[in-house]
Amino acid sequence: MYINFNPNDIIHTDEIISELKVYLTENETKQIFIITDKNCLKLCYPLIKSIFPETQSVFSIETGEVYKTLETVTKIWDFLFEKRADRNSLIINIGGGIVSDIGGFSASTFKRGISFINIPTTLLAQVDASVGGKTGINYNGLKNQIGTLIMPDKVFISTEFLETLNSDEILSGFGEMIKHALIYNEKHFYELINYIKNEFSEKKIINLAPLINKSVNIKIHFVKNDVTENGMRMILNFGHTFGHAFESYFFSKNKSVKHGIAVIYGIICELWLSVKYLNFDKGKFTKITGELLDIYPRLVIPENEFNLIFGYMQYDKKNKNNTIQSVLLKDVEFPVIQRIIEENDVYESLRILNSLSKRK
Ligand SMILES: NC(=O)c1ccc[n+]([C@@H]2O[C@H](COP(=O)([O-])OP(=O)(O)OC[C@H]3O[C@@H](n4cnc5c(N)ncnc54)[C@H](O)[C@@H]3O)[C@@H](O)[C@H]2O)c1
């Protein structure tokens, strides 16, 4: 376990079994514990089960954000104590972002930290959550308020797992990929839009590996020299100041919006503020938001609830001295960190999102 980021620890493969076998042989002295969730236990673990002994210790958590809590972490710790895990043990997280966040957090705190690897099984976890070392849980109804920053020993990324994902999960993953493209590679943005409109609409998960690879490389670019997020890594928060507030808003209503889909609505709001403050081209704004709302469901927030969104933004982890920070774009590929967002900016952006969503 360590905090330095080594991009070579991220392994893209279409033969997960053989890659894992090699890794496990190199780590054969380690006692292994698998953390997964109820869905992945049925749909993902069977794809690699054959390389583990029949008696393999597996702990599966309930699915959903409401279980990304300290209570679930204590259940994982109890399981590890009961099975006599020690500091030489290895945790393998198999699942989406919730499993990698909570499994990584449990591993990084158990006996002051034991090794873990991630096998991400959602598109979102493959391009984002499993990479970069952030772990965490929700606290007091707010997202990811408690956590650690520690690198997994390895991340194995394979599209083999993605066939069983529903379209909402795929669109959520694309949300983060679109964010990566907008902050770093405009051509890649249109590549993604074309893929979603043409190939994904036919429900095919083919040819996705090169796009995942590109997206992960963009994340690596922003993380590798700024693991602790003092500068460049903050750019990855584009779309997230509003995005996290949308998630908390839906969470409080016992409804849920997928993380990457909330980020898309966040991108629309933050692009509007980019037009307002940084002269982001209005035509480009219309084109990009049009493409996004062609693909993603429309979202209308009632005007009398705008204050709730603003309220959640005041708890954002990126805030400094009680002011709300965000990432805006001068242009696609030209992000700027730390514009201060005022209450009226939030309301104006939400009005724009509403009016775009109401358009035919
Ligand atoms: N640590 C980070 O850097 C980081 C970055 C982005 C998001 N996140 C976190 O990630 C979480 C969201 O991750 P997510 O979108 O992967 O959600 P998730 O982990 O809840 O997975 C989504 C759903 O898909 C199911 N699933 C997983 N793999 C499957 C498969 N192959 N086939 C069928 N079903 C499958 C899961 O059981 C779950 O029901 C959020 O909690 C978010 O805060 C963390």
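Residue numbering for the sequence shown follows our numbering, beginning at 88 and increasing consecutively.
Beta carbons are placed, not taken as given, at the ideal position from N, Cα and C, and that holds for glycine.
Because the structure is a prediction, the values reported are computed rather than measured.
Secondary structure of residue i, DSSP reduced to three states
i, result
"arginine 438", "helix"
"tyrosine 277", "helix"
"phenylalanine 243", "strand"
"proline 384", "coil"
"phenylalanine 421", "strand"
"aspartate 173", "coil"
"arginine 446", "coil"
"serine 302", "helix"
"isoleucine 163", "helix"
"leucine 236", "strand"
"asparagine 180", "strand"
"lysine 374", "helix"
"aspartate 96", "helix"
"glutamine 118", "coil"
"tyrosine 282", "helix"
"proline 207", "strand"
"valine 344", "coil"
"lysine 155", "coil"
Check whether residue i and residue j have beta carbons under 9 Å apart
i, j, result
"aspartate 124", "isoleucine 148", "yes"
"phenylalanine 146", "leucine 177", "no"
"leucine 269", "isoleucine 375", "yes"
"glycine 234", "isoleucine 122", "no"
"aspartate 96", "methionine 238", "yes"
"asparagine 355", "leucine 440", "The residue asked about is misnamed: residue 355 is isoleucine in this sequence, not asparagine. Yes, these two residues count as a Cβ contact at 9 Å."
"isoleucine 206", "glycine 262", "no"
"phenylalanine 338", "glutamate 141", "no"
"leucine 258", "isoleucine 382", "yes"
Presumed contact (8 Å Cβ cut-off) between residue i and residue j, rounded CB distance
i, j, result
"glycine 219", "lysine 345", "Rounded, the Cβ-Cβ distance is 19 Å, inconsistent with contact."
"serine 195", "threonine 222", "6 Å"
"valine 214", "methionine 264", "5 Å"
"phenylalanine 139", "alanine 172", "Rounded, the Cβ-Cβ distance is 16 Å, inconsistent with contact."
Between the region 408–423 and the region 316–324, do at least 3 Cβ pairs fall closer than 8 Å?
-> yes
Would you say the region 302–311 touches the region 327–337, given that touching needs at least three Cβ pairs under 8 Å?
-> no
Do the region 121–137 and the region 167–184 meet, that is, are 3 or more Cβ pairs less than 8 Å apart?
-> yes
Below 8 Å, can you find three or more Cβ-Cβ pairs linking the region 385–400 to the region 246–258?
-> no
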